[in-house]
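First residue of the sequence shown? That's 273 in our numbering, and the numbers climb one at a time after it.
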Amino acid sequence: MMSTKIDQQAIQIMTDNDRGGFTVPTAGLYPYQWNWDSAFVALGFAQFDLPRAWQEIETLVTAQWDNGMIPHIVFRQEAAGYFPGPKVWQADKGPISSSGISQPPVIASVICKLLVQSSDDFSTNKAALLFEKINSFHQWWHDARDIENTGLIKITHPWESGRDNLPDWDEAYIDIDTSQVGEYQRNDTQHVNSDMRPTKAHYDCYLALVQHGVSCDWDAQQIARTNPFWVADVGVNAIFIRAEKDLLKLALMLKKDAFVSKIESRIALLEKGFERLWNSEKQAYCTLNLRTNHHSHHINSATFLCFYAGVGSQAQRQAQLQLLDKWQQKVNHMVPSFDPYDPLYDELRYWRGPVWGIVNYMIGTGLANEGEEQWAEVVQRHTAKLISEEGFAEYFSADNGTGCGGGTFSWTAAIWLNWANQAS
Ligand code: DGY
273 MMSTKIDQQA IQIMTDNDRG GFTVPTAGLY PYQWNWDSAF VALGFAQFDL
323 PRAWQEIETL VTAQWDNGMI PHIVFRQEAA GYFPGPKVWQ ADKGPISSSG
373 ISQPPVIASV ICKLLVQSSD DFSTNKAALL FEKINSFHQW WHDARDIENT
423 GLIKITHPWE SGRDNLPDWD EAYIDIDTSQ VGEYQRNDTQ HVNSDMRPTK
473 AHYDCYLALV QHGVSCDWDA QQIARTNPFW VADVGVNAIF IRAEKDLLKL
523 ALMLKKDAFV SKIESRIALL EKGFERLWNS EKQAYCTLNL RTNHHSHHIN
573 SATFLCFYAG VGSQAQRQAQ LQLLDKWQQK VNHMVPSFDP YDPLYDELRY
623 WRGPVWGIVN YMIGTGLANE GEEQWAEVVQ RHTAKLISEE GFAEYFSADN
673 GTGCGGGTFS WTAAIWLNWA NQAS
């Protein structure tokens with residue numbers, strides 16, 4: 273099946289970024305194991321080396337903390353040239369050195385997809401061994417990031433959304449005191465043009481939040497009560513609802529009957545919470561800042577993940593399809609990460625506009641699952657065109673398609689292999 277030149281290039285990138293049991297997102301810029309990167313990478317490996325796909329998930333999960341959290345970065349090996357590294361995080365709570373926060377919980381959905389694509393004994397055993405660990409990871413999100421038990425998951429750091437500099441966060445920075453951050457040397461801008469990376473002012477906020485976590489000794493309850501950033505992100509919530517539904521499917525496939533009703537009630541709670549993200553004025557799902565109770569008036573591409581999560585009324589879904597149509601009239605390449613009509617849209621700057629393959633994969637998958645085949649095909653075709661014309665960039669300009677950020681990117685290669693190369 274893996275016959276085209278582009279397929280071979282994708283395999284080569286993943287092989288080159290393999291550090292022996294785990295894969296770096298790209299050499300240089302990101303020299304460790306990242307949580308959701310690794311999960312997506314497993315989808316790519318599954319197309320040419322199934323044992324290696326399972327191994328990617330297994331190594332990630334070995335970094336799980338006792339409280340269930342699977343961290344966003346696992347500092348698995350010495351690597352010079354990344355900032356902020358383990359000494360800044362001071363988060364030695366897990367079996368392996370790591371950061372102190374998590375990342376969008378896509379692991380259950382990836383495991384479910386691996387099992388559906390290959391349900392032999394080998395994969396079934398692998399999934400069965402991982403199941404309870406992923407269940408405690410999910411329980412951690414409820415316990416640590418929804419202490420009020422409202423069904424809305426909050427994030428404590430922009431990095432926890434995986435979408436670092438989304439304009440939605442700008443207004444939530446106001447209460448962050450950056451006066452103690454001090455001098456520091458960034459490394460990201462040594463690898464990538466600074467126009468494509470977060471600004472210094474935003475980086476100061478990121479570091480102030482890390483310092484706050486350190487001051488709480490990374491105690492989740494204390495962070496939940498005191499963190500200046502406590503925000504419900506549409507992306508994390510939609511991804512988590514999907515992950516809980518996929519975990520339920522796994523429980524049924526693997527005959528883990530004892531977990532079924534608990535997962536079902538968690539799903540019901542989350543679906544109810546998600547309704548609060550609906551901004552009727554904008555006719556979209558928008559960020560909700562739980563420190564100020566303020567609904568963002570910006571729209572980002574996570575609103576289209578309502579299909580992936582399988583939520584929303586007929587009218588809400590219809591409004592999202594109209595919005596997709598409106599965005600397509602404005603940009604050449606779908607789906608921009610942020611509203612291209614918003615004055616804060618920024619063609620090149622990371623999550624403030626560019627197109628990301630993994631987000632397109634989730635949007636496209638959700639649309640296809642919910643019967644919106646035509647739109648699903650548009651999103652898949654646009655992704656395939658960007659990758660085949662621009663290569664395996666970290667992300668792409670929605671205006672002229674230019675590949676941006678890091679090159680030879682593992683998750684772009686993985687998404688190509690498991691999804692985009694099937695575009696019609
Ligand atoms: C970075 O260093 O830019 C990462 O996105 C943090 O996860």
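For glycine and all other residues, C-beta sits at the position ideal for the given N, C-alpha and C. Values in this document were obtained by computation on a predicted structure and should not be read as measured data.
Pairwise C-alpha distance: residue j and residue i
i, j, result
"A363", "Q646", "46 Å"
"Q483", "R548", "30 Å"
"S391", "A399", "10 Å"
"R653", "S696", "7 Å"
"G679", "W441", "26 Å"
"F501", "T564", "10 Å"
"L689", "A496", "39 Å"
"F317", "Q452", "43 Å"
"A352", "T428", "27 Å"
"I283", "A640", "26 Å"
"G357", "F347", "8 Å"
"P377", "F664", "23 Å"
"Y580", "A692", "17 Å"
"K385", "D491", "33 Å"
"F764", "E662", "The structure shown does not extend to residue 764, since the chain spans only 273 to 696, so no value can be given for it."
"I285", "V313", "11 Å"
"G625", "A530", "44 Å"
"A473", "W683", "28 Å"
"L773", "D671", "No answer is possible for residue 773: the residues shown for the chain start at 273 and end at 696."
"Q600", "R324", "38 Å"
"L479", "G300", "21 Å"
"V333", "Y304", "14 Å"
"T287", "Q281", "10 Å"
"M273", "G636", "Residue confidence is low: M273 scores 48 on pLDDT, short of 50, so the model does not pin down where it sits. Its coordinate-derived value is still stated next. Approximately 22 Å, taken between the alpha carbons."
"N437", "S487", "24 Å"
"K517", "E455", "44 Å"
Local conformation of residue i per DSSP, three classes
i, result
"H567", "strand"
"P297", "coil"
"Y445", "helix"
"E662", "helix"
"A670", "coil"
"Y633", "helix"
"A282", "helix"
"M274", "Residue placement at M274 cannot be trusted, given a pLDDT of 48 that sits under 50; the coordinates are not used to answer."
"I535", "helix"
"Y613", "coil"
"G675", "strand"
"S390", "coil"
"I427", "strand"
"I368", "coil"
"P626", "coil"
"W683", "helix"
"D288", "helix"
"W308", "helix"
"A692", "helix"
Nearest-angstrom Cβ-Cβ length linking residue i and residue j, presumed shorter than 8 Å
i, j, result
"A515", "H410", "7 Å"
"A510", "C578", "6 Å"
"V650", "L562", "Rounded, the Cβ-Cβ distance is 34 Å, inconsistent with contact."
"H344", "N289", "So it is not a contact: roughly 18 Å between Cβ atoms."
"L387", "S395", "5 Å"
"G372", "T331", "The Cβ separation is near 19 Å, so there is no contact."
"G423", "L522", "Not really, about 21 Å apart at Cβ, beyond 8 Å."
"I687", "G638", "14 Å between Cβ atoms; not a contact."
"N339", "W413", "About 11 Å separates the two Cβ atoms, so there is no contact after all."
"T295", "E328", "6 Å"
"I383", "I406", "7 Å"
"A335", "I368", "5 Å"
"R291", "Q375", "With 8 Å as the limit, R291 and Q375 do not qualify as a contact, their Cβ atoms being about 19 Å apart."
"Q588", "W550", "7 Å"
"M278", "S533", "Per the sequence shown, residue 278 should be read as Ile rather than Met. Not quite, the Cβ-Cβ distance comes to about 45 Å (not below 8 Å), so this is no contact."
Residue i and residue j closer than 7 Å at C-beta
i, j, result
"V627", "F668", "yes"
"N632", "V607", "yes"
"S552", "D505", "no"
"L519", "I535", "yes"
"W623", "R458", "no"
"L620", "D447", "no"
"L616", "P439", "yes"
"F403", "L481", "no"
"H605", "G673", "yes"
"V464", "G675", "no"
"Q592", "F576", "yes"
"G507", "A574", "yes"
"W337", "K359", "no"
"D418", "T450", "no"
**Prompt:** In chain order, what residues have a CB nearer than 7 Å to some heavy atom of the ligand DGY?
**Reply:** Counting every residue whose Cβ lies closer than 7 Å to a heavy atom of the ligand DGY, we get Y302, W306, H344, I345, W431, D436, D460.
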